[in-house]
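Visitor: Could you have a look at this structure, given as structure tokens, before my questions?
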Amino acid sequence: MREYSTPLKVTVADESRLPDTLFTRAEKEPGAVALRRQEAGQWRDVTCARFRDDVVAIAKALIAAGVQHGDRVGLMSRTRYEWTTIDYAIWSVGGVTVPIYESSSEEQIAWILGDSQSRAVFVELPEHAERVEAVRGGLDGLAEVWQIEGPGFAAFLETGADVADTVVHERRRAGGADELATLIYTSGTTGRPKGCELTHRNLLFTILNTINGPLEEVFTIEGRSTLLFLPLAHSFARIIQVGCIESHTVMGHFPTTGPEVIDALGSFRPTFLLAMPRVFEKVYNKAEQRATSEGRGRIFRAAADTAIAYSRALDTGRVPLGLRLRHALFERLVYGKILAAVGGQARYAVSGGSALGDRLGHFFRGVGLTVLEGYGLTETSAPTCVNSPRRNKIGTVGPPLPGVSHRIAEDGEILVKGDHVMRGYWGNEKATAEAFDKEGWYLTGDLGALDEDGYLTITGRKKEIIVTAGGKNVAPAVIEDRLRGHAIISQCMVVGDNRNFVSALITIDEEAFEFWKGQHDKTGSIADLVDDPDLVATVQEAVDDANKAVSRAESIRKFAILPVDFTQEGGHMTPSLKVKRHVVAKQFSAEIEKIYAG
Numbered sequence: 038m039r040e041y042s043t044p045l046k047v048t049v050a051d052e053s054r055l056p057d058t059l060f061t062r063a064e065k066e067p068g069a070v071a072l073r074r075q076e077a078g079q080w081r082d083v084t085c086a087r088f089r090d091d092v093v094a095i096a097k098a099l100i101a102a103g104v105q106h107g108d109r110v111g112l113m114s115r116t117r118y119e120w121t122t123i124d125y126a127i128w129s130v131g132g133v134t135v136p137i138y139e140s141s142s143e144e145q146i147a148w149i150l151g152d153s154q155s156r157a158v159f160v161e162l163p164e165h166a167e168r169v170e171a172v173r174g175g176l177d178g179l180a181e182v183w184q185i186e187g188p189g190f191a192a193f194l195e196t197g198a199d200v201a202d203t204v205v206h207e208r209r210r211a212g213g214a215d216e217l218a219t220l221i222y223t224s225g226t227t228g229r230p231k232g233c234e235l236t237h238r239n240l241l242f243t244i245l246n247t248i249n250g251p252l253e254e255v256f257t258i259e260g261r262s263t264l265l266f267l268p269l270a271h272s273f274a275r276i277i278q279v280g281c282i283e284s285h286t287v288m289g290h291f292p293t294t295g296p297e298v299i300d301a302l303g304s305f306r307p308t309f310l311l312a313m314p315r316v317f318e319k320v321y322n323k324a325e326q327r328a329t330s331e332g333r334g335r336i337f338r339a340a341a342d343t344a345i346a347y348s349r350a351l352d353t354g355r356v357p358l359g360l361r362l363r364h365a366l367f368e369r370l371v372y373g374k375i376l377a378a379v380g381g382q383a384r385y386a387v388s389g390g391s392a393l394g395d396r397l398g399h400f401f402r403g404v405g406l407t408v409l410e411g412y413g414l415t416e417t418s419a420p421t422c423v424n425s426p427r428r429n430k431i432g433t434v435g436p437p438l439p440g441v442s443h444r445i446a447e448d449g450e451i452l453v454k455g456d457h458v459m460r461g462y463w464g465n466e467k468a469t470a471e472a473f474d475k476e477g478w479y480l481t482g483d484l485g486a487l488d489e490d491g492y493l494t495i496t497g498r499k500k501e502i503i504v505t506a507g508g509k510n511v512a513p514a515v516i517e518d519r520l521r522g523h524a525i526i527s528q529c530m531v532v533g534d535n536r537n538f539v540s541a542l543i544t545i546d547e548e549a550f551e552f553w554k555g556q557h558d559k560t561g562s563i564a565d566l567v568d569d570p571d572l573v574a575t576v577q578e579a580v581d582d583a584n585k586a587v588s589r590a591e592s593i594r595k596f597a598i599l600p601v602d603f604t605q606e607g608g609h610m611t612p613s614l615k616v617k618r619h620v621v622a623k624q625f626s627a628e629i630e631k632i633y634a635g
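Sequential numbering of the sequence shown, starting at 38, is according to my numbering.
As structure tokens, this is what we get:
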């Protein structure tokens with residue numbers, strides 16, 4: 038199939054704007070719980086009225102500071118309650134939010150604030166303020182820097198005390214659906230990040246057709262809630278933030294994706310999760326490691342195989358009695374403990390960013406946590422397709438959202454149309470023109486295929502295609518995603534352009550490495566053991582398994598274990614955790630040459 042469209046569910050009115058729902062709900066049910074905040078280790082309810090009042094207080098201070106309709110305002114912070122209130126306050130005065138990852142360097146901050154011509158910026162911590170101040174001299178249009186943490190924020194709010202609430206409401210109603218809501222800058226894997234112009238219509242169209250379409254069951258379950266821990270500077274978390282407000286889903290915030298998030302999930306007890314595949318890989322790997330260390334590794338592996346078999350049987354419409362009995366046994370012994378690790382209430386999770394893989398997809402569904410994979414880009418307001426609980430085809434990223442069309446070009450590139458597609462790139466007419474074809478289809482740069490039901494499978498990225506010396510085209514994504522799913526492996530990058538065979542640079546997961554050392558009676562750091570025969574053998578097992586997913590010509594013949602991981606700080610990865618292939622290839626060129634010299 039070359040093209041597929043899903044019928045529209047919800048039309049966005051021309052006068053609609055993103056803050057409308059929070060103000061309407063606060064008026065109708067002021068005492069209803071809209072969010073929860075973590076204070077002194079406890080989750081405290083935030084009512085609709087309190088949320089509105091906090092948004093209005095910030096909006097009034099913005100007006101007092103002279104922020105005009107259409108002005109861009111930067112927002113650099115970890116995921117927290119204030120992120121959402123500031124975002125909605127900026128929208129409430131007709132402003133445009135410009136998110137900045139809190140991990141951004143001075144150079145990145147200078148580019149985003151300068152390119153967007155931001156008039157002001159919110160920062161969370163003193164260290165963020167220092168980075169902004171370091172580049173402020175080159176930002177003539179930047180008039181204000183407001184810090185969330187510390188006494189300065191209360192002083193900022195006080196400046197709006199004399200602004201009447203009616204002024205905020207007048208400003209909020211002044212615009213329409215097609216006005217700019219946010220500039221989200223791309224990760225910049227190649228060249229300077231570009232600012233994607235997303236309107237109020239883009240975001241509302243996307244989320245309203247998602248929560249009234251494929252994810253309706255997720256966003257309508259009684260007592261629904263979720264804990265956001267991915268960076269809200271990322272379009273994926275941002276659209277879920279909007280979805281929670283629009284669907285009256287209770288939302289919490291947590292500032293890190295580190296190990297502490299597991300305890301936070303346990304106390305918050307969300308009904309659904311939002312995460313990248315790496316989070317699910319870690320949940321699985323930790324459960325397996327814990328079981329092995331307690332002498333129950335064999336039981337865990339049997340339980341995992343049963344969960345996978347059970348999920349696969351569900352797809353056939355018939356689960357044999359023996360399998361049902363084994364599944365029921367492991368449900369009591371194993372699966373409940375895995376679900377308890379994420380709060381015990383979650384039955385659904387939405388995953389994006391990269392492929393989860395068939396095995397983990399079936400494992401988690403068999404355990405009782407259905408992971409719904411989707412696909413999208415910043416340019417498409419995050420999702421352009423997603424699986425549904427009603428029909429979840431594991432291994433695909435689902436059909437187009439309602440009102441969205443997908444087309445597969447002759448070269449396999451995925452093309453997209455719909456009101457979720459950005460208006461263009463900020464101040465960059467050339468890049469905007471290059472992003473669309475003559476018929477108005479957005480060119481994603483990704484490769485894929487549509488099945489007979491319109492479900493999309495991602496097969497690679499056009500710009501990342503490797504052409505071997507023998508002329509074989511290799512899409513690295515398939516084998517890289519499979520390799521990253523192994524416990525011992527953190528990151529990998531396939532190489533082989535103009536070479537006789539395909540190879541890979543592989544990094545080791547530090548947590549899994551510590552466990553592995555205990556199992557193999559080893560001492561030393563990763564750098565000490567990159568050539569250790571046992572570690573090489575463990576990685577070889579992962580490579581052998583990954584090679585099963587591709588043809589022999591596409592398989593990894595050799596690999597090098599690197600002494601360090603790919604990180605943002607090292608310049609190897611973008612804030613959205615995409616590998617900067619050209620940076621890695623340059624930094625580890627000696628290791629690559631050694632592979633092919635041998």
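Note that beta-carbon positions come from the ideal geometry of N, C-alpha and C, so glycine has one too. Model, not experiment: these values are computed from the prediction.
How would you call THR353, buried or exposed, if buried means at least 16 neighbouring beta carbons within 10 angstroms?
Guide: It is exposed - the Cβ of THR353 has fewer than 16 other Cβ atoms within 10 Å.
Visitor: Quick check: what's the CA-CA separation for ALA470 versus THR116?
Guide: If I take the Cα positions, the gap works out to 34 Å.
Visitor: For the stretch 598-609 against the stretch 557-572, are there 3 or more C-beta pairs whose distance is under 8 Å?
Guide: Touching, yes, given that three or more Cβ pairs across the two stretches are closer than 8 Å.
Visitor: By the three-class DSSP mapping on this structure, what secondary structure does VAL320 have?
Guide: Three-state result, VAL320: helix.
Visitor: Straight-line CA distance for VAL279 to ALA365?
Guide: Each residue's alpha carbon lies about 38 Å from the other.
Visitor: Could you have a look at PHE473 and say whether DSSP puts it in helix, strand or coil?
Guide: The answer is strand: DSSP assigns PHE473 an E or B state.
Visitor: Kindly provide the ranges of any alpha helix (DSSP H) runs that are 4 or more residues long and lie completely inside the stretch 213-262, ordered along the chain.
Guide: DSSP runs (the alpha helix (DSSP H)) wholly in the stretch 213-262: 237-248, 253-257.
Visitor: Based on the DSSP secondary-structure assignment, which residues constitute the bridge partners of ALA386?
Guide: DSSP lists LEU310, VAL408 as partners of ALA386.
Visitor: Alpha helix (DSSP H) containing ILE95: first to last residue?
Guide: Here the alpha helix (DSSP H) through ILE95 covers 85-101.
Visitor: Rounding to the nearest angstrom, what Cα-Cα distance links ALA77 and LEU45 in this structure?
Guide: The straight-line gap from Cα to Cα measures roughly 45 Å.
Visitor: For GLN79, which three-state DSSP category applies?
Guide: Strand.
Visitor: Enumerate, from N- to C-terminal direction, the unbroken beta strand (DSSP E) stretches of 3 or more residues contained entirely within the stretch 386-457.
Guide: List check, beta strand (DSSP E) in window: 407-414, 419-423, 442-445, 450-454.
Visitor: Beta-carbon within less than 6 Å of SER425's beta-carbon, same chain only, minus the 5 sequence neighbours each way: which residues are those?
Guide: Cβ neighbours of SER425 beyond the five flanking positions: PRO251.
Visitor: Give me whichever residues DSSP pairs with ASP483 in a beta bridge.
Guide: Per DSSP, ARG498.
Visitor: Does the beta-carbon distance from THR84 to PRO56 come in below 8 Å?
Guide: Contact: no.
Visitor: Please state whether the Cβ-Cβ distance between LYS454 and GLY482 is less than 8 Å.
Guide: No, Cβ-Cβ distance for LYS454 and GLY482 is not below 8 Å.
Visitor: Got a sec? Which residues, its chain only, sit under 7 Å from VAL616 by beta carbon, not counting five neighbours each side?
Guide: Same-chain partners within the cutoff: GLN528, MET530, PHE603, HIS609, MET610.
Visitor: Hey, SER391 and PRO314: beta-carbon distance below 8 Å or not?
Guide: Result yes, Cβ atoms of SER391 and PRO314 sit closer than 8 Å.
Visitor: Using only the alpha-carbon positions, how far apart do HIS237 and GLY178 sit?
Guide: Cα to Cα, the separation comes out at about 25 Å.
Visitor: What distance in whole Å lies between the Cβ atoms of GLY132 and VAL110, which are believed to be in contact at a cut-off of 8 Å?
Guide: About 5 Å separates the two Cβ atoms, so the contact holds.
Visitor: Enumerate, from N- to C-terminal direction, the unbroken beta strand (DSSP E) stretches of 3 or more residues contained entirely within the stretch 529-594.
Guide: List check, beta strand (DSSP E) in window: 539-545.
Visitor: Would LYS319 be called buried (16 or more neighbouring beta carbons within 10 Å of its own) or exposed?
Guide: It is buried - the Cβ of LYS319 has at least 16 other Cβ atoms within 10 Å.
Visitor: Cα-Cα, which of ALA468, ASN510, THR417 is closest to THR243?
Guide: Selected option, being the one with the closest Cα: THR417.
Visitor: Hey, out of ASP569, ASN535, GLU517, whose CA is closest to VAL580's CA?
Guide: Comparing Cα positions, the closest option is GLU517.
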